[in-house]
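In terms of the UniProt record's numbering, the sequence shown has 41 at position 41, counting the first letter as 1, and numbering is strictly consecutive.
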Amino acid sequence: MFWNDFHFDSLTAAYLTVGLLIMLLAAWYGRKTMDGRQWPKFGYAVMLFCIGYCLTILSGSTKALVIGWELMGIASFLCMIPHRNLATGNSAKAFFIYRLGDVGLLLAMWASHHLWRENTALISFLLLATASAQSSQLPLSSWLPQAMDASSAAGAMLLAALVVQMGVFLLLRSMPLWEHQLSVRILIASLGTATAALATGFARVEPSMKRRIAFASMAQVGLIFIEVAAGFKEIAMAHVGGKRTAESLPADNIARPDQYRHPETQCYKLDRNLGRPPS
């Protein structure tokens, strides 16, 4: 039965509690900052995301996991739509790259039914491919900056604080499968190290506030990948919780990204409000 496909443990409780709080915060902030036409679309997208997120976190089988995973992917794309015109291409491109990584999850589900006792390493590598794409790690690491640039402040909060953390959740949930496979652990640590180094460098020179937050999020997830590969599950979970909390705070800073792309205009507005000409 479908109801037998659910599982609850400490990992589920941690992700579920923090995730629901951030979704409530994103919904509240979206209602506060969006106009009458944008908010209903975003509100429905957040509700769909909540359903997919809860189903993924509570899943105890690959069937429930895939259903929740796909719902989250669709909802993530819908969160980008109310803010920008799809003609810009960022939303569609980010969605394509984001969904390309999910092919590994479907193949892993097939392999778990047919190759479980024959080739567990293949299943582990497929899950790692899905996790790295979901968490915007190399080589499919370009979707997060584009997705956040195409999203509203509330949508960017969901992407940076929740969506990219699902790859870490997948690794933690499947840890009993690959924890004794040295090649898988080395590859996880290598991907995390390379992504953290590159993302840190890009974040230092990126002028857009949203993209800087995206690269910083990628770097932090890369460090969490290293912690997971080293077997520090509790430290990784604490790092995830701290990262989510920190990335749910700067929503005011990314509410109007165009102002940060034109700092001279922003300075003029600030000085005009103070009643004196810009310096």
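Every residue, glycine too, gets a C-beta built ideally from N, C-alpha and C.
Excluding the 5 residues flanking residue i on each side, which residues of the same chain have their C-beta closer than 6 Å to its C-beta?
{"i": "Phe6", "result": "Leu58 and Gly60"}
{"i": "Gly222", "result": "Gly192, Thr195 and Ala196"}
{"i": "Leu100", "result": "none"}
{"i": "Ala199", "result": "Phe215, Met218 and Ala219"}
Do residue j and residue i have their beta-carbon atoms positioned less than 7 Å apart in this structure?
{"i": "Ser135", "j": "Val164", "result": "yes"}
{"i": "Pro145", "j": "Ala203", "result": "no"}
{"i": "Ile186", "j": "Leu140", "result": "no"}
{"i": "Ala131", "j": "Leu158", "result": "no"}
{"i": "Ala75", "j": "Phe42", "result": "no"}
{"i": "Thr62", "j": "Ser124", "result": "no"}
{"i": "Leu107", "j": "Leu126", "result": "yes"}
{"i": "Gly150", "j": "Met72", "result": "The question names Gly, but residue 150 in the sequence shown is Ala. Contact flag unset, no."}
Look at the alpha carbon of residue i and the alpha carbon of residue j, and state the distance between them as a whole number of angstroms.
{"i": "Ala156", "j": "Leu24", "result": "14 Å"}
{"i": "Ala230", "j": "Leu55", "result": "28 Å"}
{"i": "Gly167", "j": "Gly36", "result": "34 Å"}
{"i": "Ile188", "j": "Leu65", "result": "21 Å"}
{"i": "Gly241", "j": "Phe95", "result": "26 Å"}
{"i": "Ile224", "j": "His114", "result": "31 Å"}
{"i": "Ala133", "j": "Phe77", "result": "15 Å"}
{"i": "Asn119", "j": "Ala129", "result": "16 Å"}
{"i": "Leu20", "j": "Ala154", "result": "14 Å"}
{"i": "Lys93", "j": "Ser142", "result": "10 Å"}
Determine the burial state of residue i: buried for a count of at least 16 other Cβ atoms within 10 Å of its Cβ, exposed for fewer.
{"i": "Lys210", "result": "buried"}
{"i": "Met47", "result": "exposed"}
{"i": "Trp28", "result": "exposed"}
{"i": "Leu182", "result": "exposed"}
{"i": "Gly68", "result": "buried"}
{"i": "Phe8", "result": "exposed"}
{"i": "Arg117", "result": "exposed"}
Leaving out five residues on either side along the sequence, give the residues of the same chain with a beta carbon under 8 Å from the beta carbon of residue i.
{"i": "Glu70", "result": "Gly52 and Asp102"}
{"i": "Ala160", "result": "Leu144, Met148, Ile213, Ala214, Ser217 and Glu247"}
Closer than 6 Å to a non-hydrogen atom of the ligand MN - does that hold for the CB of residue i?
{"i": "Ala216", "result": "The ligand MN is not part of this structure, which contains no ligands at all."}
Looking only at its chain, what residues have a beta carbon closer than 7 Å to the beta carbon of residue i, apart from the 5 residues adjacent to it on each side?
{"i": "Thr12", "result": "Ile57 and Leu58"}
{"i": "Glu206", "result": "Arg212 and Phe215"}
{"i": "Tyr15", "result": "Ile57 and Phe169"}
{"i": "Ala45", "result": "Ala75, Leu78 and Cys79"}
{"i": "Val18", "result": "Gly241 and Arg244"}
Taking three-plus beta-carbon pairs below 8 Å as touching, is the stretch 30-39 in contact with the stretch 167-183?
no
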